[in-house]
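S.K.: Pasting a structure here, questions to come.
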Amino acid sequence: AQSVTQLDSQVPVFEEAPVELRCNYSSSVSVYLFWYVQYPNQGLQLLLKYLSGSTLVKGINGFEAEFNKSQTSFHLRKPSVHISDTAEYFCAVMGYNTDKLIFGTGTRLQVFP
Amino acid sequence: EAGVAQSPRYKIIEKRQSVAFWCNPISGHATLYWYQQILGQGPKLLIQFQNNGVVDDSQLPKDRFSAERLKGVDSTLKIQPAKLEDSAVYLCASSLRTSGGVTQYFGPGTRLTVL
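Chains A and B supply the protein sequences, listed in that same order.
For the first sequence, counting from 1, position 15 maps to 59 in the working numbering; every step adds exactly one.
For the second sequence, counting from 1, position 21 maps to 304 in the working numbering; every step adds exactly one.
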């Protein structure tokens, strides 16, 4: 079984500042890792995913994440945020040979001008 | 490429009434999922279909929830009778397994309010 912990429920940040949203996972098998973003009153949009290969993954809207197997982490980063990045961000894990996503509880990113 | 379609987008009902949600996945995606997202929480899988067969419905409250995907394409999720705690966003997703793994794509969701 897998589980995901998103360590921060809310992250306030000023516009143009860097941000890191933290995600740790637990699994007894190898996993795929995902970050999704949810804007108000919308569904989930895929930001990026780690399937294999390079541990640094680049996604849409200038976001990137680094897979750290020893620390079982997959933190999301952006060097300079915009007001439009205000949204809920979900980390999710999927075990190899399953199609099931297990989500964290989400991190609310609030960008202030 | 068209995304996952869901309707209605919003629904308000009174407790003990019934309600149905519809989902049309991305063309060619064999796997379809229904999730329940309660306010302040991450999505929780309710049921997973592979073509028109159920793969996993272990988290579906079967005394009141039902779902079908009769022709292996679109799907309907029904709640009968609804309870206050069913107020949530119901998300539909679809996926396709490739050599690179599986990625789920989500629809806009249906926000259900039970009064």
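We put the CB at the ideal spot given by N, CA and C, even for glycine.
Here the structure is a predicted model, which means the values were calculated and not measured.
(1) Would you say Pro326 (chain B) reaches chain A, if we count a Cβ-Cβ gap shorter than 8 Å as a contact?
(2) With a cut-off of 8 Å, do at least 3 Cβ pairs link the stretch 292-312 of chain B to the stretch 68-75 of chain A?
(3) Is there a Cβ of chain B sitting closer than 8 Å to that of Asp52 (chain A), yes or no?
(4) Kindly indicate if chain A contains any beta-carbon less than 8 Å away from that of Gln319 (chain B).
(5) Please work out which residues of its chain come closer than 7 Å, Cβ to Cβ, to Lys144 (chain A), disregarding the five sequence neighbours upstream and downstream, and give them in chain order.
(6) Could you check which residue in A:Ser98, A:Thr151, A:Leu51, A:Pro62 has the C-alpha nearest to that of Tyr76 (chain A)?
(7) For Gly148 (chain A), which residues from the same chain have a beta carbon less than 8 Å from its beta carbon, with the 5 sequence-adjacent residues on both sides left out?
(8) Sorted by chain position, which residues of the same chain lie with C-beta nearer than 6 Å to Lys361 (chain B)'s C-beta, five sequence neighbours on each side aside?
(9) Looking at C-beta atoms only, is the number of pairs between the stretch 375-392 of chain B and the stretch 286-296 of chain B that lie closer than 8 Å three or more?
(10) Given that a residue counts as buried once 16 or more other Cβ atoms are within 10 Å of its Cβ, and exposed if not, what is Lys113 (chain A)?
(11) Roughly how many angstroms separate the alpha carbons of Lys345 (chain B) and Pro364 (chain B), rounded to a whole number?
(12) How far does the beta strand (DSSP E) with His126 (chain A) in it extend, from its first residue to its last?
(13) Can you give the Cα-Cα distance for Val397 (chain B) and Val372 (chain B), rounded to whole angstroms?
(14) At a CB-CB cut-off below 8 Å, which residues of chain A make contact with Thr359 (chain B)?
(15) Based on the DSSP secondary-structure assignment, which residues constitute the bridge partners of Val338 (chain B)?
(16) Leaving aside the five residues before and after Pro84 (chain A) along the sequence, list all residues of the same chain whose C-beta is less than 8 Å from its C-beta, in chain order.
(17) Would you verify that the beta carbon of Val385 (chain B) is, or is not, closer than 8 Å to some beta carbon of chain A?
(18) DSSP three-state label for Leu367 (chain B), please.
(19) Run through the DSSP bridge pairs and tell me what Tyr76 (chain A) is partnered with.
(20) Pro308 (chain B) versus chain C: which residues are under 7 Å apart at the beta carbon?
(21) So who's on the other strand from Glu351 (chain B), going by DSSP bridges?
(22) Once the 5 residues before and after Asp369 (chain B) are set aside, which same chain residues still bring their CB inside 7 Å of it?
M.R.: In this structure, then:
(1) Within the second sequence, residue 326 (chain B) is the residue found at index 43, counting from 1. Yes, contact with chain A.
(2) no
(3) For the purposes of this step, residue 52 (chain A) is taken as residue 8 along the first sequence, with counting starting at 1. Output row for Asp52 (chain A): interface = no.
(4) As a first step, residue 319 (chain B) is located in the second sequence; it is residue number 36 there, counting from the start. By this cut-off, Gln319 (chain B) is not an interface position.
(5) For this step, residue 144 (chain A) is matched to residue 100 along the first sequence. Around Lys144 (chain A): Met138.
(6) For the purposes of this step, residue 76 (chain A) is taken as residue 32 along the first sequence, with counting starting at 1. Tyr76 (chain A) has its Cα closest to that of A:Ser98, out of A:Ser98, A:Thr151, A:Leu51, A:Pro62.
(7) Within the first sequence, the letter at position 104 stands for residue 148 (chain A). Cβ within range, chain order: Val48, Thr49, Gln50, Cys67, Phe134, Cys135, Ala136.
(8) Here residue 361 (chain B) refers to the residue found at position 78 of the second sequence. Answer for Lys361 (chain B): Ala303, Ser349, listed in chain order.
(9) yes
(10) Start at 1 with the first residue of the first sequence, and residue 113 (chain A) comes out as number 69. Classification of Lys113 (chain A): exposed, given that the 10 Å Cβ count is below 16.
(11) Taking the first residue of the second sequence as position 1, residue 345 (chain B) is located at position 62. Taking the first residue of the second sequence as position 1, residue 364 (chain B) is located at position 81. C-alpha of Lys345 (chain B) to C-alpha of Pro364 (chain B): approximately 11 Å in a straight line.
(12) Within the first sequence, residue 126 (chain A) is the residue found at index 82, counting from 1. Here His126 (chain A) belongs to no beta strand (DSSP E), and DSSP marks it neither H nor E.
(13) Numbered from its first residue, the second sequence carries residue 397 (chain B) at position 114. Numbered from its first residue, the second sequence carries residue 372 (chain B) at position 89. Roughly 11 Å between the two C-alpha positions.
(14) Working through the second sequence from its first residue, we reach residue 359 (chain B) at position 76. What Thr359 (chain B) touches in chain A: nothing, since even the nearest Cβ is about 18 Å away.
(15) Stepping through the second sequence from its first residue, residue 338 (chain B) is reached at position 55. Val338 (chain B) pairs with nothing; no bridge assigned.
(16) Along the first sequence, read from residue 1 onward, the residue named residue 84 (chain A) stands at position 40. Excluding sequence neighbours, Pro84 (chain A) sits near Ala131.
(17) Within the second sequence, numbered from 1, the residue matching residue 385 (chain B) stands at position 102. Yes, Val385 (chain B) counts as interfacial toward chain A.
(18) What you label residue 367 (chain B) is simply residue 84 of the second sequence in a count that begins at 1. It is helical.
(19) Start at 1 with the first residue of the first sequence, and residue 76 (chain A) comes out as number 32. Beta-bridge partners assigned by DSSP to Tyr76 (chain A): A:Met138.
(20) Any reference to chain C falls outside this structure, whose protein chains are A and B.
(21) Position 68 of the second sequence, counting from 1, holds the residue named residue 351 (chain B). Answer is B:Thr359.
(22) For the purposes of this step, residue 369 (chain B) is identified with residue 86 of the second sequence, where counting begins at 1. Closer than 7 Å at the Cβ level, and outside the excluded window around Asp369 (chain B), lie Ile362, Leu395, Val397.
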